[in-house]
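FYI, our numbering numbers position 175 of the sequence shown as 175, with every residue one higher than the one before it. C-beta: ideal position from N, C-alpha, C; glycine also. Read the structure below first, then the notes.
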Amino acid sequence: MNIFETLYLKLSKKRFLKTFKPLGIKKKRNFLISAPSEVSDFLKALPFIEGLKKLGNIVMLMPKKLKDICCYMKPNVFEMIFYEEPSKLFSKEYKRLKEKLGNTGFHFLIDLNKPANISLPYLVSAEKRICFYDKNNYPYYNIMIKQNINSLVQFFDIESSDPQNLFHFYVRDLKKTLKKFKKKKPLLFINGENNITWEGDKIIVGKDILSSDPEVYKILYFSDAYYGQCDALYEFMKIFNKRIVES
1 MNIFETLYLK LSKKRFLKTF KPLGIKKKRN FLISAPSEVS DFLKALPFIE
51 GLKKLGNIVM LMPKKLKDIC CYMKPNVFEM IFYEEPSKLF SKEYKRLKEK
101 LGNTGFHFLI DLNKPANISL PYLVSAEKRI CFYDKNNYPY YNIMIKQNIN
151 SLVQFFDIES SDPQNLFHFY VRDLKKTLKK FKKKKPLLFI NGENNITWEG
201 DKIIVGKDIL SSDPEVYKIL YFSDAYYGQC DALYEFMKIF NKRIVES
């Protein structure tokens, strides 16, 4: 953060001190959400996001690393705006996002990152600006949630919905995918050392496919079980209630 940006933030933060009306959500609301920067955290947030979309329209600011998994999500669930780098005041990315968002009115701004990006409240005019607790974020964010994503579910008094509803995979791709990788079901997806006995075929990260391959989520979806690291691939398998094999 340069000196000019730091000075501007200090001198302008009074603009965010205005109090807001009670939370009550009766009418449809517009939500601007800054998605978590890590894929695993994004997947953990999906039950909250799926539940929140029942309250109104959602626009998601998303880092480009989430594009691979988002291509398997149903269209029009929410609007996605991808960015290269986190927005900073007066940067090219900031100006591009501000132009993209235009004059859209948002009732809520929610940053799901830790720490929150304090340049985002300058992007749009949102009365209620929510982030996870950090005293340095006030008054840029005027509602701060302690603990984790489940606290947000309680705050909005919504039910965590099934994130499977956000995805769509074509069953007709199953045979084609298995044929491409020369595998048969039951299929075990291994994300780590291949030191486990399995009754069927295995597909191994680093040997059969790279974890960065966009097709990896399709392979995961068509696999019957998972063994290995508790990372983004693991979180994806949990969403679809796949069998997790222990060593």
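- About 11 Å separates the beta carbon of SER91 from that of ASN117, a gap too long to meet the 8 Å contact definition.
- By the CB criterion at 8 Å, PHE108 and ALA126 fall inside the cutoff.
- By the criterion of a C-beta distance shorter than 6 Å, PHE222 is surrounded in its chain by LEU174 and THR177, once the five residues flanking it on both sides are discounted.
- Going by DSSP, PHE106 is part of no alpha helix (DSSP H) at all; its letter is neither H nor E.
- DSSP places PRO47 inside the alpha helix (DSSP H), whose first and last residues are 39-52.
- For MET73, no alpha helix (DSSP H) run applies, since DSSP gives it neither H nor E.
- Annotation for ILE145: ILE130, CYS131, PHE132, TYR133, SER151, LEU152 and PHE155 place their beta carbon closer than 8 Å to its own, counting only its chain and skipping 5 residues before and after.
- The beta strand (DSSP E) runs lying completely inside the segment 112-196 and spanning 3 residues or more are 128-132, 143-145 and 187-191, given in chain order.
- If you ignore the 5 residues before and after LYS183, its C-beta comes within less than 7 Å of the C-beta of ASP201 and ILE203, all in its own chain and listed in chain order.
- Looking at MET80, ASN76, LYS53 and GLU84, the one whose alpha-carbon comes closest to that of LYS65 is GLU84.
- Contact between ASN113 and SER37 holds, with the beta-carbon distance rounding to 6 Å and staying under 8 Å.
- Going by DSSP, LYS202 is part of the beta strand (DSSP E) stretching over 201-204.
- Residue pairing for ARG29: DSSP places it in a beta bridge opposite GLY56.
- Here the alpha carbon of ILE209 sits roughly 21 Å from the alpha carbon of LEU43.
- Per DSSP, GLU235 is not a residue of any beta strand (DSSP E); the alpha helix (DSSP H) it occupies stretches across 232-239.
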